[in-house]
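Each number in the UniProt record's numbering corresponds to the 1-based position in the sequence shown with 2 added. Positions of the beta carbon are idealized from the N, C-alpha and C atoms, including for glycine. Since this is a predicted model, take the numbers as computed values, not measurements.
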Amino acid sequence: ETSGRTVLDAADICVSFGGVRAVDHVSVSVAEGQVVGVIGPNGSGKTTLLNALSGVVPASGRLAVEGHRVRLGGPERSRRAGLVRMFQQPQPYRFLTCQENVLIATPDRRARGLGSAWLLRPRMLHIERARWAASLAALDRVGLAAKAQVPAAILTYGEQRLLDVARGISAEPRVLMLDEPSAGLNDTETAQLLVLLRSVAADGVALLVIDHKIDFIDALCDRITVLETGQVVAEGPPAHVWQDRRVMDAYLGT
Ligand code: ADP
């Protein structure tokens, strides 16, 4: 854990569906290089919290990324601020190759409207070659270099999730939010994912991770936020949170 600058700072986040407060004054912050876990029973508001931060559901509260205020309720604004969301089910383009899947997740830095200016061709070529190399590097990082040219459809479920991580890091996030990344993975794949996510955090990305596998969360996270019916009921380093009476009752069956 680096005790670095705060990257994600969300305060007093509220989301209501009709009369139901799915997220009720939740505050969570993640420092550079830190992994924060979000746990809680089904329906406690975990996914809705990520939806709020991603701007895909109407929410109130305050959100800042690296000290810059981000207005809630706009997916494009959240994305531009550096928040990248990964979903529960890997959703690769099945008939594109793995490398193509990564390439289309990479920001396109070409100046819009200048795409056909032949005088800029050397510069364009340089940018495109750099993106090409970066996409291969991302695949290499998740252990899929050998599969760069195969269609995503033929990957195993675990490999599809790794491809998803390659896509996530290629989007150059400041905050990477993952919803149940260990779901459907076997123990070996889960261990591999853990090492990978720690290395992404070590690069300075702030990670916010929902998961049900308590061992995985315990080994992965620097801090844990526990939700119950939309509210934070415990927060802190894993060792601290596991000692909380309510958490023990809910998770550890004591
Ligand atoms: P969790 O991820 O912890 O399982 P959710 O965030 O999915 O919990 O759900 C929190 C609460 O909000 C639940 O009561 C759920 O039924 C409700 N909810 C979630 N999404 C919607 C929606 N789009 N419309 C209405 N209610 C929703």
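Kindly list the residues whose CB is nearer than 6 Å to the CB of residue i, restricted to its own chain and excluding five residues on each side of it in sequence; keep chain order.
i: residue 62; result: 16
i: residue 160; result: 187 and 191
i: residue 233; result: 26
i: residue 248; result: 235
i: residue 155; result: 96
i: residue 8; result: 31 and 33
How big is the Cα-Cα spacing for residue i and residue j?
i: residue 39; j: residue 165; result: 22 Å
i: residue 58; j: residue 200; result: 27 Å
i: residue 124; j: residue 136; result: 18 Å
i: residue 81; j: residue 54; result: 12 Å
i: residue 241; j: residue 132; result: 43 Å
i: residue 95; j: residue 105; result: 11 Å
i: residue 27; j: residue 231; result: 11 Å
i: residue 67; j: residue 29; result: 14 Å
i: residue 237; j: residue 243; result: 6 Å
i: residue 110; j: residue 20; result: 39 Å
i: residue 167; j: residue 202; result: 9 Å
If distances are taken between C-alpha atoms only, which option among the options comes closest to residue i?
i: residue 37; options: 224, 204, 155 and 47; result: 224
i: residue 140; options: 234, 198, 87 and 157; result: 198
i: residue 217; options: 227, 196 and 148; result: 196
i: residue 1; options: 145, 98, 205 and 69; result: Limits of the chain in this structure are 3 at one end and 256 at the other, which puts residue 1 out of reach.
Spatial neighbours of residue i within its chain, please: C-beta separation below 7 Å, excluding the five flanking residues on both sides.
i: residue 214; result: 182
By Cβ distance below 8 Å, which residues in the same chain neighbour residue i in space, the five residues on each side in sequence not counted?
i: residue 18; result: 24
> Which residues have a Cβ closer than 5 Å to any heavy atom of the ligand ADP, listed in chain order?
Replying inline: Cβ atoms closer than 5 Å to the ligand ADP belong to 19, 24, 44, 45, 46, 47, 48, 49 and 50.
> Hey, which unbroken runs of the beta strand (DSSP E) at 3 residues or more fall wholly within the stretch 206–250?
Replying inline: You should have 208–212, 225–230 and 233–238.
>> Report the start-end ranges of each beta strand (DSSP E) in the stretch 151–185 that is 3 residues or longer and not cut off at the edges.
In response: Whole beta strand (DSSP E) segments, 3+ residues: 177–181.
> In chain order, which continuous runs of the alpha helix (DSSP H) of length 4 or greater are located wholly inside the stretch 53–119?
Replying inline: Those alpha helix (DSSP H) runs which fall completely within the stretch 53–119 and span 4+ residues are 77–82 and 100–105.
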